[in-house]
Structure formats: structure tokens, C-alpha cells
Amino acid sequence: MTVPLSYTDHFNITFSVPVVPSSKNISIYQVVDQDKFLLCQTYPTSSYCKVYNITTLSCKTLLSTFNRVNNNYTIMAYDNFIKTLLFNEPLQEIDCGIWNVKTPETYNSAVSALTEVLMHLNPDGTKYFLSYDQANKIQLLNDILQQIKQSIPLNDDRFKITHDVQLDPLDSAKLFIEFSVNKILNPSKEPSVNNIISDLNDIIVNKHISALSDKSFMIFFDELYGFQPKRM
1 MTVPLSYTDH FNITFSVPVV PSSKNISIYQ VVDQDKFLLC QTYPTSSYCK
51 VYNITTLSCK TLLSTFNRVN NNYTIMAYDN FIKTLLFNEP LQEIDCGIWN
101 VKTPETYNSA VSALTEVLMH LNPDGTKYFL SYDQANKIQL LNDILQQIKQ
151 SIPLNDDRFK ITHDVQLDPL DSAKLFIEFS VNKILNPSKE PSVNNIISDL
201 NDIIVNKHIS ALSDKSFMIF FDELYGFQPK RM
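Residues 1 to 232 (UniProt numbering) make up the sequence shown, in order.
Right, dumping it as C-alpha cells:
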């Protein structure tokens, strides 16, 4: 099954018996190789899925989940992600590699100029950052950059941190961190500047269930601000 990039429709599972969502997670992973899976989104079915016609479970897809061309993804569900309506019994998990989808082979990217973008650290993140000396602040910024790049994912140098950090003039409890997204060289093989910014915004706004959810610095990102182009 092939899904379009930035697919935001729900994905559905139809069962042979009436069901209700339960407490365990359903997750989508990008298949990096046979033994390595990169988390793209994860959440308990009871919070983000609905049941239609008593047998079909319909689950939310994030904009940033299917975001890389010519890649394979697998949908995994844990034991007790769903229960039978009649007997309240948990159904068996869906292992990685059983339910797979694929993205198209090429992008159709518009060419845009280098763009500077901003993210917020929340008050806890701002206090944490300001408690460091200058050398450790630089290391912390680089660590944040790497965790974000792993979550998109981006392996090239198009996404960089400028090391321009300043308090928000409208809210001194929050800190702005500036990044740059460089223009593409190959529109069929690379995501556009706007695609990258959109993915960055989506993973931060949905940080508790997106690819950022297992990253240690996620707790410091301001999901109310997301990732926004810098206004000149």
C-alpha cells in the first residue's frame, strides 16, 4: 500500500467482532533497515482513535509521519490496544513488519530560499538553558539540534542552528532559538524548505505523540509556539 507524503487521513483497522479502544499504544515506525525502526508517532488508542460501526478502529495520522519519499513504514499495536466490546477482553498485538505502507518515489518540491525559523523553549527549558555556562550552552544547542534532526529525520546540513538565542521580548520566561533551513538542490530527491518547516512545527506541536516523544529534550519545547519562520 502506498500513501502520499504528509498523509493526514485516518488509518483504519476492521475487526470481526465489536471493539472499544483501550489503554495501550498504536505506533508508526519508519523502517530504516531490517533491524532498525525510527519512531514517527505513538499514542494510546483510547485518546486518539475512534470506533465506527462498532468494528472499525480509526486512528489519527500526524502530518509529519509519512514525510520521506521512497521509504517503508510499519504500523505496530501493543497487546491491549483494543478490547472486545462484549467481553472486555484485550486483543493480540500487531507486530512490526506485518502491516506495512510505502511512500512515493520522488518529491515535487518547490525551490525556496534559505529561511530562518524560530522555536521557543518553555519556562522550564529556559531556566535549564540559562543555568549552563557558555561552553555547555553550545553543547546543549547542538544536542537539541541532533534530537530534532533525528525526529524529522534529516541527515544532511540543510537544517542548522545559528546559535542566535535570545529571550522573547513579550515573555521573558521563554527563550527563542534560531535555526536555518537551506534551499534544495534537487527538487525530486529532497523535501522543500516549506516541507521541512511544516514537519518541524508538527512534531513540536504534537511533541507528546510525535517522533519527538522519546527524545529527552522534548519536555523543554514550547508546543504552543511550534516552529515558525522568523519575521524580518
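A virtual CB, placed ideally from N, CA and C, is assigned to each residue, including glycine.
| query | result |
| --- | --- |
| Pick from F217, G226 and N195 that is closest to L5, judged by C-alpha positions | N195 |
| Pairwise C-alpha distance: N100 and Q166 | 43 Å |
| Euclidean distance between Cα positions of D133 and R231 | 29 Å |
| For V17, three-class secondary structure by DSSP | coil |
| Rounded Cβ spacing between T56 and T2 (contact assumed at less than 8 Å) | With a Cβ gap of about 21 Å, T56 and T2 do not count as contacting. |
| Status (buried if at least 16 other CB within 10 Å, exposed otherwise) for residue 246 | Nothing can be reported for residue 246: it is not among the residues displayed for the chain, which extend from 1 to 232. |
| Whether Y73 touches Y128 by CB criterion (8 Å) | no |
| Pair within 8 Å by beta-carbon distance, L121 and I209 | no |
| Backbone CA spacing between V117 and R158 [nearest angstrom] | 13 Å |
| Endpoints, alpha helix (DSSP H) assigned at F129 | P123 to L130 |
| Residue burial classification, D33 (beta-carbon count within 10 angstroms, cutoff 16) | exposed |
| Status (buried if at least 16 other CB within 10 Å, exposed otherwise) for I152 | buried |
| Cβ pair count under 8 Å reaching 3, the stretch 90 to 97 against the stretch 44 to 60 | no |
| L145, DSSP secondary structure in three states | helix |
| Segment limits, beta strand (DSSP E) that includes L167 | F159 to D168 |
| Given N71 as reference, the closest of V31, T42, D35 and F11 once Cα atoms are compared | V31 |
| Residue closest to T106, alpha-carbon to alpha-carbon, out of R68, F37, N182 and F179 | R68 |
| As assigned by DSSP and simplified to three states, the class of N194 | helix |
| Residues of its chain near A110, where Cβ-Cβ distance is below 8 Å and the 5 sequence neighbours each way are ignored | P187, S192 and N194 |
| Cβ-Cβ distance between M76 and F227 below 8 Å | no |
| 8 Å contact criterion, which E190 and V205 should meet: CB distance rounded | With a Cβ gap of about 23 Å, E190 and V205 do not count as contacting. |
| Alpha helix (DSSP H) segment containing T42, residue limits | T42 -> not in any alpha helix (DSSP H); beta strand (DSSP E) instead, spanning K36 to P44. |
| Bounding residues of the beta strand (DSSP E) (the contiguous stretch that carries D171) | D171 to V181 |
| Proximal residues to K174 (C-beta, below 7 Å), its chain only, five neighbours per side dropped | H120, L121, N122, P123, T126, D168 and D222 |
| C-beta contact flag for P44 and K60 at 8 Å | no |
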